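2 protein chains.
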Amino acid sequence: MGSVYVALLHHPVLGPEGQVVTSSVTSLDMHDLARAGRTYGVAGTFVVHPSPPQRLFVRRVLEHFLKGQGRELNPQRGETLEQVQVAADLDAAVEAVEAREGRRPLLAATSAREVPGAVGYGVLRERIGREQAPILLLFGTSWGLAPEVFERSDIRLAPLRGARDEGFNHLPVRSAAAVVLDRLLGAP
Amino acid sequence: MGSVYVALLHHPVLGPEGQVVTSSVTSLDMHDLARAGRTYGVAGTFVVHPSPPQRLFVRRVLEHFLKGQGRELNPQRGETLEQVQVAADLDAAVEAVEAREGRRPLLAATSAREVPGAVGYGVLRERIGREQAPILLLFGTSWGLAPEVFERSDIRLAPLRGARDEGFNHLPVRSAAAVVLDRLLGAP
Numbered sequence: 002m003g004s005v006y007v008a009l010l011h012h013p014v015l016g017p018e019g020q021v022v023t024s025s026v027t028s029l030d031m032h033d034l035a036r037a038g039r040t041y042g043v044a045g046t047f048v049v050h051p052s053p054p055q056r057l058f059v060r061r062v063l064e065h066f067l068k069g070q071g072r073e074l075n076p077q078r079g080e081t082l083e084q085v086q087v088a089a090d091l092d093a094a095v096e097a098v099e100a101r102e103g104r105r106p107l108l109a110a111t112s113a114r115e116v117p118g119a120v121g122y123g124v125l126r127e128r129i130g131r132e133q134a135p136i137l138l139l140f141g142t143s144w145g146l147a148p149e150v151f152e153r154s155d156i157r158l159a160p161l162r163g164a165r166d167e168g169f170n171h172l173p174v175r176s177a178a179a180v181v182l183d184r185l186l187g188a189p
Numbered sequence: 002m003g004s005v006y007v008a009l010l011h012h013p014v015l016g017p018e019g020q021v022v023t024s025s026v027t028s029l030d031m032h033d034l035a036r037a038g039r040t041y042g043v044a045g046t047f048v049v050h051p052s053p054p055q056r057l058f059v060r061r062v063l064e065h066f067l068k069g070q071g072r073e074l075n076p077q078r079g080e081t082l083e084q085v086q087v088a089a090d091l092d093a094a095v096e097a098v099e100a101r102e103g104r105r106p107l108l109a110a111t112s113a114r115e116v117p118g119a120v121g122y123g124v125l126r127e128r129i130g131r132e133q134a135p136i137l138l139l140f141g142t143s144w145g146l147a148p149e150v151f152e153r154s155d156i157r158l159a160p161l162r163g164a165r166d167e168g169f170n171h172l173p174v175r176s177a178a179a180v181v182l183d184r185l186l187g188a189p
């Protein structure tokens, strides 16, 4: 069974008009992703941002809970955030997984929109079970991952939808990530 | 098929030492719950709080997005929050559902811990499909719903767990609610 990693990309992602943008870090996302990641046995979570001050902000929040006053006040939060790493771009996250696992991860891109060649969750869940290579699940902030991320991904996941689908699918990325992890790694 | 409603309780919930407490409103929770609720076709979401100033705060945030400047800047957010209502306690939420549906809702309590007599998600999903009565899904903030809420509930849901369960299950309630809605109302 391959290890599963998560990367939250703030660039390249889409803005409301479909242009490629860079979004700001949301400190809450890293907590929620880490809590979901730990619940579902994720091996590591990357916060990916091209801006050094934004990465520094993430590191400062992490340090507060890993080593600072937050560790004393809320030790469980620190333990949970141990899996979070910072990366300047997707390549850096891929390299970090490869350095740890000794194998290049397969990239699995998620989207709230229909994408050509998308696979269902059962297919990827089964593949994770038999795959030796690690899997890096990619989530986009803002209006989702830019097309270039899909083009370089090995797997594209179908969008999450309700059975009573009314055409609205705009889950927060932190919620979507928890649902995707549950579908791929949840106990029935 | 019965309509599904969600209630987020801030009282009676448990504190870290197992005492019954009242937690503070988190404005983000109402946004995330409403977005998940709309994605999965929930008929209404209740923010339940016994304190009038806390309920007023929720109403002010709602008004900003429903009628105020937020409606102009982000109309989709206003549309999404239309499903959110405020209630002073669980009884008030139950009465609001009954007034709208003409039937008393069945109460389904969620927990991150094992509870006696819990049913699986497939069982409740199937029951929602054949049930005429509305279902009110109950989520607790802080360390989860107090025992008295379980005692009066018709259904108790098993805790969410990862297949690679390592004994950690502390999803944020906003993430847990999205996962539960996906399990009960998601398209496969």
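Line by line, the protein sequences give chains B and V. Just so you know, the first sequence maps onto residues 2 to 189 in the working numbering. Just so you know, the second sequence maps onto residues 2 to 189 in the working numbering. Idealized CB from N, CA, C, for every residue including glycine. Values in this document were obtained by computation on a predicted structure and should not be read as measured data.
- If you ignore the 5 residues before and after D30(V), its C-beta comes within less than 7 Å of the C-beta of L9, V174 and R175, all in its own chain and listed in chain order.
- Taking a beta-carbon distance threshold of 7 Å, N170(B) counts as an interface residue toward chain V.
- DSSP places Q86(V) in the strand class (E or B) of the three-state scheme.
- Shown here for E149(V): same chain residues with a beta carbon closer than 7 Å to its own, the five before and five after excluded, namely P13 in chain order.
- Excluding the 5 residues flanking it on each side, L125(V) has same chain C-beta neighbours closer than 7 Å at A109, I156, L158 and L185, in chain order.
- Around the beta carbon of S28(B), fewer than 16 other beta carbons sit within 10 angstroms, so the residue counts as exposed.
- At the C-beta level, A89(B) and P51(B) come within 7 Å of one another.
- Two segments are said to touch when three or more pairs of C-beta atoms, one from each, lie closer than 8 Å; by this definition the region 37-45 of chain V does not touch the region 56-63 of chain V.
- One thing to note: D183(B) has its Cβ within 7 Å of the Cβ of V180(V).
- Setting aside the 5 residues that flank it on each side, A178(V) is surrounded in the same chain by V7, L34, A37 and F140, each with a C-beta closer than 7 Å to its C-beta; the list follows chain order.
- Scanning its chain for C-beta atoms nearer than 8 Å, with the 5 sequence neighbours on each side dropped, one finds around G19(V) the residues W144, in chain order.
- Beta-carbon to beta-carbon, T111(B) and H11(B) are separated by about 15 Å, too far to satisfy the 8 Å threshold.
- The beta carbon of A188(B) sits closer than 7 Å to some beta carbon of chain V.
- Only those residues of the region 61-90 of chain V whose C-beta falls short of 8 Å from the nearest C-beta of chain B are listed: Q77 and T81.
- In the assembly as shown, R39(B) is a buried residue. Its beta-carbon has 16 or more other beta-carbons within 10 Å.
- Closest in C-alpha terms to I136(B), from the list G71(B), V95(B), P17(B) and V120(B), comes V95(B).
- Beyond the five residues adjoining it in sequence on each side, A147(V) comes within less than 7 Å, by CB distance, of P13, V14, L15 and V21 in the same chain, given in chain order.
- The region 53-136 of chain V contains, as complete alpha helix (DSSP H) runs of 4+ residues, the segments 53-67, 70-74, 76-82, 91-102 and 122-131 (chain order).
- For the pair F66(V) and L82(V), the CB atoms are nearer than the 7 Å cut-off.
- When only Cα atoms are considered, R72(V) and H32(V) end up about 14 Å apart.
- Under the DSSP assignment, F169(V) falls outside any beta strand (DSSP E); it carries neither an H nor an E label.
- With fewer than 16 other beta carbons inside 10 angstroms of its own, A100(V) counts as exposed.
- Rounded to whole angstroms, the Cβ separation of A188(V) and R162(B) is 4 Å, and the two are in contact under 8 Å.
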